[in-house]
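What follows is one structure encoded as structure tokens, with my remarks underneath.
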DNA sequence: GCGCCCTAGTTGCGCGCGCTACCTAGGGGT
DNA sequence: ACCCCTAGGTAGCGCGCGCAACTAGGGCGC
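Chains as they are written, first to last, in the UniProt record's numbering: chain A, 1 to 334; chain B, 1 to 334.
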């Protein structure tokens, strides 16, 4: 049974005293230090004592002595892939926790309003990003003592190369093309926080449309709170647009909603496809076609990269193998 | 201009050497230690040197010496209040960052699948919860060296007392009662991760209905992926239920969607009210009535509590003053 | 008996910072 | 001349742990 927690925390010295060995021996046992032989008998006594006394190593002291912390910071752009990604990350967090690492996720890539990035205040040992960081961000991390950064600075230059950005946008367009649409619009969101990501997705979509010989109309931002979505739908419809590529499922819902309110039929008068396959896509009436990425695999990959940086373990899967595909629903199929 | 970062990090000893004073003096200046007078001239030289050399204090060392970390962990139940809460917390994070604290939020209260709670691996100085923690959780925190826990163990016993739990559920029922509904159903979600919270909200709703002399039917869990929502809607409608209180907006959308697909009119044949006023509530067609809490004020309060625990600053606002109200939309108003 | 190696440990330093206790020069009151 | 006070510092310990360098105590070949 664990003893009543005294005012002072249990340190490794307490265990040493309790067992009757030196503090170093305790450390060797608890850390299973390679290259150190400790007899099975002693090892057992140390472990028993640690459990009985309720020993928890002092993070600050361990970090200081080791010269690095055990925090891994994961930076996701926007709320890319949203709730499903979060859930999938649990598995990665579990694996990392087993190795003694804490996984902290920062949902938005670029916090606004003068909030210092988490890596400055947390002191993570590793920062993993979905996309590449800007040179300023890298400098800030380095100054804050972050030793390992992934993707490596300059490894993959921009959002365009990150999985699920250009890929998903192209698939949206391909899907509409296959269904016979020849004149499409791209809908974005009025959010300064993710201009970059939106821009990249929109560019990829436009480019793909051009490759396929489709016509596109100018990018428009919609917001369900003002009249912009209703206006956009009216303009598009008058302009002969038959389908809309939306930045994400919220935008798709906004557009589809505005179309329905305007008396148009979705998808007969205006088809809509979203991105990320978030809950709203399947809950909306009609259900929204969307792009789904294999978040489980993505999370597994990110965890593997993190463990590689932290522990030196080999990375098994690869980024580019990520499965991305269209989830066709009634908002395009009718 | 900041110098090129050498291999070794800049320590306060480097500054001391650079300025020509002792390390203690550097510490006094950088921490503005109360009760220590340092001449303005020396202070300026230290600060200049720190900036020039790009000094960043070593968190681990500071934490060790201080005996406490500068991490504040915020535990939110479920994804209560979802994205809006997250956004509102930014302000709190900024204030805390100014005081040198890192705010880490853990979205779900009780992680599943053997993931150790973040407080074990992160070593936060303060843990703030939206609701009270279980005795086991408190013990686990204590063992992990967490010194300050809010709400204080035993301060407010259960979910029922947390703001936005019973309150919101009662308002949902009140709203339906005012609109003339007399026989209602309560819809939950099939998610083991938040049984407690759902149970509390459902209980509060049922109890309120009874107080108002309304009839209720048994609680049902719905899931849009199987046929359970369609079945629930059919049963409810056959049973004379005219309105549904949903655990959250996703559940409300599920129910409303199933009703529409079944050819019922929302709200004429079946009214639905959600909770949290998440994006889907306003994007759905018809837009869903919901419960909105003042997340800005909530976040401000949580930040104030955190700062109080960390810094000893007084707490100005109060928990109970939180503004919770119905956002009436077409899913109940018609 | 002697030198050698191997096992199972121990001693002790260093990590970088917070902070208490101490020191010193100069000034003013008596 | 003496003492005391204060501003403006300095010396150095302690935090708990990781780990390198060292060592006591055998077994073993020659």
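Every residue gets a Cβ at the ideal spot worked out from N, C-alpha and C, and that includes glycine.
Remember, it's a predicted structure, so these values are computed and weren't measured experimentally.
For residue i, which three-state DSSP category applies?
i: residue 337/B; result: With chain B running from 1 to 334 in the structure shown, residue 337/B is simply not present.
i: residue 371/A; result: Residue 371/A falls outside the range modelled here, since chain A spans only 1 to 334, and no answer is possible.
i: residue 27/B; result: helix
i: residue 45/B; result: helix
i: residue 106/A; result: strand
i: residue 242/B; result: coil
i: residue 150/A; result: strand
i: residue 324/A; result: strand
i: residue 96/B; result: helix
i: residue 74/B; result: strand
i: residue 127/B; result: strand
i: residue 17/B; result: helix
i: residue 144/B; result: coil
i: residue 233/B; result: helix
i: residue 121/A; result: helix
i: residue 66/B; result: helix
i: residue 59/B; result: helix
Taking 9 angstroms as the CB-CB limit, is residue i close to chain B?
i: residue 120/A; result: yes
i: residue 275/A; result: no
i: residue 268/A; result: no
i: residue 284/A; result: yes
i: residue 86/A; result: yes
i: residue 90/A; result: yes
i: residue 17/A; result: no
i: residue 279/A; result: yes
i: residue 128/A; result: no
i: residue 244/A; result: no
i: residue 254/A; result: yes
i: residue 104/A; result: yes
i: residue 77/A; result: no
i: residue 331/A; result: no
Please tell me whether residue i and residue j are closer than 9 angstroms, where the distance is taken between their beta carbons.
i: residue 274/A; j: residue 258/A; result: no
i: residue 186/B; j: residue 214/B; result: no
i: residue 15/A; j: residue 62/A; result: no
i: residue 329/B; j: residue 281/B; result: yes
i: residue 123/A; j: residue 71/A; result: yes
i: residue 130/A; j: residue 176/A; result: no
i: residue 166/A; j: residue 188/A; result: no
i: residue 138/A; j: residue 128/A; result: no
Under 9 angstroms, Cβ to Cβ, is there at least one residue of chain A near residue i?
i: residue 237/B; result: no
i: residue 357/B; result: There is no way to answer for residue 357/B, as the model of chain B reaches only from 1 to 334.
i: residue 94/B; result: yes
i: residue 158/B; result: At residue 158/B, the pLDDT of 49 sits below 50, so the modelled position is not reliable; the number obtained from the coordinates is stated separately. Output row for residue 158/B: interface = no.
i: residue 101/B; result: yes
i: residue 152/B; result: no
i: residue 180/B; result: no
i: residue 190/B; result: no
i: residue 265/B; result: no
i: residue 224/B; result: yes
i: residue 64/B; result: yes
i: residue 297/B; result: no
i: residue 210/B; result: no
i: residue 43/B; result: no
Under a Cβ-count criterion, where at least 16 other Cβ atoms within 10 Å of its own Cβ denotes burial, should residue i be classed as buried or exposed?
i: residue 132/A; result: buried
i: residue 145/A; result: buried
i: residue 331/A; result: buried
i: residue 178/B; result: exposed
i: residue 278/A; result: buried
i: residue 334/A; result: exposed
i: residue 58/B; result: buried
i: residue 265/A; result: exposed
i: residue 249/A; result: buried
i: residue 313/B; result: exposed
i: residue 195/A; result: exposed
i: residue 97/A; result: buried
i: residue 114/B; result: exposed
i: residue 369/B; result: Only positions 1 to 334 of chain B appear in the structure, and residue 369/B is not among them; the question remains open.
i: residue 41/B; result: exposed
i: residue 306/B; result: buried
Report the start-end ranges of each alpha helix (DSSP H) in the region 164-228 of chain B that is 4 residues or longer and not cut off at the edges.
166-178, 195-211
In chain order, each alpha helix (DSSP H) run of at least 4 residues that lies wholly inside the region 248-311 of chain B:
Runs of the alpha helix (DSSP H) inside the region 248-311 of chain B: 249-261, 279-283, 295-311.
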